[in-house]
Each structure stands twice: as C-alpha cells, then as structure tokens.
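Numbering (the working numbering), first residue to last: 347 to 704.
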C-alpha cells in the first residue's frame, strides 16, 4: 500500500469517526473516539485539513453531554488531550475563523473537573494547562472560578497524579496572572481566603463544608451534565474507614502548598491600594500557628515553609531572605522556633475525645 492509499484509508476512518462522534448514541460516540485515538498523530501529520472538522465535533460532544456517567466522555477527552499537544491543533484553536474562541471552549471543560472517570479528570487539567502555556492563545478565560475548581481538586482528589497536575496548573495561573498586579487582589476576597483556610484546617474525620464549593453545572443551560455521581462523597465526609488517612494528609499538604503560592504571588501594598501580605495573611496564619490543634499548627508551618521556598525560587540573587523582607515571615519563624525549643504541650486538641473517655 503506497502513501496515497494509506492516506485515503485514514480519511475513510476519519469520516466514519466524525459521523460516529456526531451520533446521539453514547456507545457509538465512545467507539468512534477510540478509533481515532491510535491514529491521532497520523491524523495531524497526514490529514491536517481534517483537524478543524474533528475538533469541532469533539467540542460539540463535550458541550452536549448530559450524563456524567457517559462512557464516551473518557474517549473524547483522551483524544482531545492528545490533539491539543500538537502545534497544528493549537494554531487552529487560536484562529477564530476556524474554531470557536478559546474563551468559549475552555469553560466547556469545567463541568468535567470532578468526573467519575479519573482519566477524564486528569485530561481536563492537562488540557487546560496546555491552553495556558501557549502564548498565542488568549487567556481571558482564566478566572476566579477556574482557580476555585483547582483548589477543590487539590482538597478532595485522591489520585496523586491529578493533584500534582492541578498544583502545577495552579502555580501557572498565578505566574501568568501576576503580570496583572490587580488580578489577584481583586479576585480573591478576604472571605474566600477565610473559607479556603477553614476547609484546609478542618479536623481529620470531620466533614468538609462544601457550601463554599463552586459548581460549574449550576446555572448552566446546556453545557453540563445533569445526572451526576458524587465522586467526592468519601473525601467530603472525611470517612477514614473508606479513605486512607495518608491520602487525606497528602491532599491537605498539596492544598497548603497552593495557599502558600497565593502569599508568594500576592501584590505589593502599593499596587492599586491593596492590603499588604502582612495585613492580609497575618490574622489567618497567626491564628493557626498558635492553634492547640497539631494538624492546624502543622499545616500552618507547611504553608510558611512553602512560602519561603517559593520566595527563594522567584527572588533575585541579591534579594534579602524572606524573614528580612517580611515582618510576618520573621514572626512566624520566631513562633515556630519557640515551639520547637519549648516543652511539648500536655495534650493537643486531637486528643480531646480520647482524654474525655478516660
């Protein structure tokens, strides 16, 4: 079989797959997506003129999926995730004459952040991260809603690879938006920060208060699944008989690092009149570093450490160390050192229930 014959065979496969992806039957869409997965690279190389049609039907599939348990969403997201790593595909997405604007396409993926299929959750984060790292693509879709979804991912996700990808994406968001000195201060209210710290510091075994969680499916007309299975039920309940305590701790550590990044990227106090890092975070961090709870004290120390590491990563070689440039950092350092040098307390808050039974 010569090259032309192979190209025609591939074209026939693409035609059949596009037809299947447009079918109303979920199983047909699933098979159609799986047919293109092994030949995705060849599709980009040999039939670049078909990419626009394939991308259009993939986005249409995601926009119209109503059932969170659809078998096709895994194949569709895997295929989309493979395609968006290719330069030719990004060029099509960037060209609004060939594709819907990225400001419309990217939020289409938001309802799938907490999908029941782990590979879908992973593909969503990786795809959105890819969109962010391509300078030719607009970044107007990056919003506080996106940041909230990433935070929730860190807090309730059980798989380490998804948490790692989410944390990488979180830092990328802050790095990109730090060029806009007013974005972080305007987007994150004091109440939102308090809610996030409150969720992070929830005692082990107590339910997480999801009242402040952002649900991208609420208020959406036709772009989100209406039938949903709560994949986070066990993590939200903090049921340690169903979720290993190690997994819960790892999620809390990842979330702590994310909150430390916010402190590191927070705009200076002279930027548009925003409150300084010390004014914004001192009441929160001092409260938890002095807490009688070992968990809260530990997580506050982790936040302080990650803040210092991020500061060192971004600081100029001749810049002063963090405890010299930030009174809050110096105070946290003194409190932590004093705690380590002092005698341990007779009991921590976590021991209260046990001691009450004695």
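Backbone N, C-alpha and C fix where the C-beta goes; we use that ideal spot for every residue, glycine too. What you are looking at is a predicted structure, and each value in this text was computed from that prediction instead of being measured.
By the beta-carbon neighbour count (other beta carbons within 10 angstroms, threshold 16), residue 693 is exposed.
Leaving aside the five residues that flank residue 520 on each side, the residues in its chain whose CB is nearer than 6 angstroms to its CB run, in chain order, 607, 611. Counting the other Cβ atoms within 10 Å of the Cβ of residue 667 gives fewer than 16, which makes it exposed. Collapsing the DSSP output to three states places residue 435 in a helix. Judged by DSSP secondary structure, residue 424 falls within the alpha helix (DSSP H) whose first and last residues are 418-429. Per DSSP, the continuous alpha helix (DSSP H) segment holding residue 633 begins and ends at 623-635.
Between the alpha carbons of residue 532 and residue 604 lies a distance of about 18 angstroms. Residue ranges of uninterrupted beta strand (DSSP E) with 3 or more members are absent from the segment 455-511; none lies entirely inside it. At a Cβ-Cβ threshold of 9 angstroms, residue 681 and residue 648 do not count as neighbours. Rounded to whole angstroms, the gap between the alpha carbons of residue 449 and residue 679 is 43 angstroms. For the pair residue 514 and residue 590, the Cα-to-Cα distance works out to about 24 angstroms. Pairing residue 535 with residue 639, the inter-Cα distance amounts to about 26 angstroms.
The alpha-carbon separation between residue 528 and residue 588 amounts to approximately 42 angstroms. The C-beta distance from residue 356 to residue 393 rounds to 6 angstroms, short enough to meet the 8 angstroms contact threshold.
Take the alpha-carbon of residue 582 and the one of residue 461: they are about 15 angstroms apart. Shown here for residue 390: same chain residues with a beta carbon closer than 6 angstroms to its own, the five before and five after excluded, namely 432, 434 in chain order.
For residue 538, the enclosing alpha helix (DSSP H) covers residues 536-546. Within 10 angstroms of the beta-carbon of residue 656 lie 16 or more other beta-carbons, which makes it buried. Residue 487 places its beta carbon less than 9 angstroms from that of residue 453. Annotation: the segment 636-701 contains no complete segment of the beta strand (DSSP E) (minimum length 3 residues). The three-state secondary structure of residue 549, taken from DSSP, is coil. Looking at 542, 500, 672, the one whose alpha-carbon comes closest to that of residue 600 is 500.
Under the three-state reduction of DSSP output, residue 380 falls in the helix class.
Measuring C-alpha to C-alpha distances from residue 627 to each of 439, 654, 492, 609 identifies 609 as the nearest. In the three-state reduction of the DSSP assignment, residue 523 falls in the helix class.
Remark: C-beta atoms of residue 385 and residue 359 approach each other more closely than 9 angstroms. In its own chain, leaving out the 5 sequence neighbours on each side, no residue places its CB closer than 7 angstroms to the CB of residue 350. Residue 478 is a Cβ neighbour of residue 522, given a cutoff of 9 angstroms. Where residue 596 is concerned, the enclosing alpha helix (DSSP H) starts and stops at 591-611. Residue range 397-410 is occupied by the alpha helix (DSSP H) that includes residue 398.
If you ignore the 5 residues before and after residue 558, its C-beta comes within less than 6 angstroms of the C-beta of 541, all in its own chain and listed in chain order. Residue 684 and residue 677 have their alpha carbons spaced roughly 11 angstroms apart. For residue 450, the enclosing alpha helix (DSSP H) covers residues 448-451.
Contact between residue 596 and residue 506 holds: their C-beta atoms lie close to 7 angstroms from each other, under 8 angstroms. Residue range 386-392 is occupied by the alpha helix (DSSP H) that includes residue 390.
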